[in-house]
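All remarks here apply to the structure that follows.
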Amino acid sequence: MKNNGENCIVFFKEQGQSGNDYGLKDEDFVLIIMTDFQKEMITKYGKDKICIDGTHGLNNYDFNLYSVLVVDEHKNGIPVAFCFSNKSSEDVFRIYFSAIKNAVGIIETTTLMTDDAPAFYNAWSYVMGTVKNVLLCAWHVTRNWHQNFNKIKNPEKRKIVNKALKAVKEELCLGTFSKLMKQFIQELLNDSDTCEFGKYFQQNYAKRPEKWAYCYRKGQIQTCIWSPFIKKLKIIILRVSMSRD
5 MKNNGENCIV FFKEQGQSGN DYGLKDEDFV LIIMTDFQKE MITKYGKDKI CIDGTHGLNN
65 YDFNLYSVLV VDEHKNGIPV AFCFSNKSSE DVFRIYFSAI KNAVGIIETT TLMTDDAPAF
125 YNAWSYVMGT VKNVLLCAWH VTRNWHQNFN KIKNPEKRKI VNKALKAVKE ELCLGTFSKL
185 MKQFIQELLN DSDTCEFGKY FQQNYAKRPE KWAYCYRKGQ IQTCIWSPFI KKLKIIILRV
245 SMSRD
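Numbering (the working numbering), first residue to last: 5 to 249.
In structure tokens:
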């Protein structure tokens, strides 16, 4: 394992190497990269917003890429650390954020934006401390909704629900949002075709609108902002993976 402040590789655990000291198995792989420029950027912008993005199954080895990003004054996403691992767990994320902490110190950010997996926030708060504003990435929220549209058997009603969801999510007036939410949930639950989705929405999202509704995050970014570099990196990794098939 390596943990060298003069090296962009701030943590490395290869497969086949013992990872008992970190709660890892021998077959686990973890590579964490952080350049000097990235250290400067997270120190400069990290106190405002931190975004955490995960991309799964990048290659034949089922490695995942976890990127930490900050947002500059022009609302551009800047990647400030990368973690490659075959494991997706809070333990790995604790190692990841601890490596960042060891490199630049504690980042006391105002806003943390992630997907809907609690492991990211749990690990971040364990290493860096609690965060005032914890938001869900709008893109991930919408994807989760769409993945549960199979609970709506009627295709036409899926379109209607999708349009209504978008209107509810993007409503900026808190009073109007509250009325729309109440009406939306009632209509879902009162229709046998949409009742199952209504129960899913009520259980998973209706009780915490402050995490995803736009009216609660005025002036905040709505989604994790992938930088062009990260988009290109994902494309390159995918092409390399396909060339090895």
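All residues carry an ideal CB built from backbone N, CA and C; glycine is no exception.
query                                                                                             : result
Between the CA atoms of tyrosine 209 and isoleucine 189 - distance to the nearest angstrom        : 11 Å
Lysine 161 and glutamate 200 closer than 8 Å at C-beta                                            : no
Nearest-angstrom Cα separation, counted from valine 75 out to lysine 173                          : 23 Å
Identity of the residues DSSP links to tyrosine 70 by a beta bridge                               : Gly58 and Cys87
Same chain only: Cβ atoms within 7 Å of serine 71, ignoring 5 sequence neighbours per side        : Asp57, Pro83, Phe86 and Ile234
Span separating the alpha-carbon of alanine 17 from that of aspartate 40                          : Position check: residue 17 holds lysine in this sequence, whereas alanine was assumed. The straight-line gap from Cα to Cα measures roughly 21 Å.
For leucine 178: DSSP bridge partner residues                                                     : Bridge partners of leucine 178: none, in fact.
Opening and closing residue of the alpha helix (DSSP H) in which glutamate 137 lies               : Just to set this straight, residue 137 is asparagine in the shown sequence, not glutamate. Looking at the DSSP string, asparagine 137 is not in any alpha helix (DSSP H); the run it does join, the beta strand (DSSP E), is 137 to 140.
DSSP beta-bridge partners of glycine 81                                                           : Val75
Span of the beta strand (DSSP E), counted from its first residue to its last, around lysine 17    : 13 to 17
Best match in Thr59, Cys55 and Gly202 for proximity to leucine 73 [C-alpha to C-alpha]            : Cys55
Distance CB(glycine 50)-CB(threonine 115) smaller than 8 Å                                        : no
Length of the line joining the Cα atoms of glycine 9 and tyrosine 100                             : Confidence is the limiting factor: at glycine 9 the pLDDT is only 47, short of 50, which leaves the residue's position unreliable, though a coordinate-based value still follows. Approximately 15 Å, taken between the alpha carbons.
For threonine 118, the three-state DSSP class (helix, strand or coil)                             : strand
Inter-residue Cα distance where the pair is cysteine 141 and glutamate 214                        : 12 Å
Bridge partners - valine 34, DSSP secondary structure assignment                                  : Lys17 and Ser89
Buried or exposed by the 16-neighbour rule on C-beta atoms within 10 Å, applied to methionine 246 : In this prediction, methionine 246 scores a pLDDT of 46, lower than 50, which makes its location untrustworthy; the coordinate-derived value is nonetheless stated afterwards. Burial call: exposed.
Cβ-Cβ separation, serine 102 to phenylalanine 33 (assumed contact under 8 Å), whole Å             : That belief does not hold up - the Cβ atoms of phenylalanine 33 and serine 102 are roughly 17 Å apart, past 8 Å.
Residue interval of the alpha helix (DSSP H) (run including tyrosine 100)                         : 94 to 108
Asparagine 24 versus glutamate 31: straight-line alpha-carbon distance, rounded                   : 11 Å
Identity of the residue in Lys91, Met45, Lys53 and Gly27 nearest aspartate 66 by Cα               : Lys91
Boundaries (first-last residue) of the alpha helix (DSSP H) holding lysine 203                    : 199 to 208
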